[in-house]
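K.L.:
Read in order, the letters of the sequence shown are residues 1 to 66 in the UniProt record's numbering.
Every residue, glycine too, gets a C-beta built ideally from N, C-alpha and C.
Sharing a structure with you now.
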Amino acid sequence: MLSQLGTEYWKQMISKGYNAKLLNYKEMSILKVLVDVEKTGKMPSEKQTKEIIKIKKKLEDSGIIV
1 MLSQLGTEYW
11 KQMISKGYNA
21 KLLNYKEMSI
31 LKVLVDVEKT
41 GKMPSEKQTK
51 EIIKIKKKLE
61 DSGIIV
């Protein structure tokens with residue numbers, strides 16, 4: 001589900017979240033897993049997926065929309 005949003009979506013989420021000072025290094029690293037899915041073929045783990053959902057909600061609740 002999350003990877004279906006595409007690489008550009010996640011790049012923009014990272015960029016906008018970083019520029020708004022809403023993401024820490026760990027959160028950016030976790031989101032980068034989705035940016036790299038097309039290159040590596042590696043999907044996020046179950047634990048990472050849960051964290052990604054939390055981060056996505058945090059950004060959306062803060063007004064970050066892609």
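Does DSSP classify Leu-22 as helix, strand or coil?
P.N.:
Reduced to three states, the DSSP call for Leu-22 is coil.
K.L.:
Given 7 Å as the limit, tell me if Lys-50 has its C-beta closer than that to any heavy atom belonging to the ligand NAP.
P.N.:
No copy of the ligand NAP appears in this structure; indeed no ligand is present at all.
K.L.:
Assuming Ile-14 and Lys-32 make a contact with CB atoms under 8 Å, what is their CB distance in whole Å?
P.N.:
7 Å between Cβ atoms; contact.
K.L.:
Rounded to a whole number of angstroms, what is the C-alpha to C-alpha distance between Lys-47 and Ile-53?
P.N.:
Their backbone Cα atoms lie some 10 Å apart in a straight line.
K.L.:
For the alpha helix (DSSP H) that contains Gln-48, what are its first and last residues?
P.N.:
First-last of the alpha helix (DSSP H) with Gln-48: 46-61.
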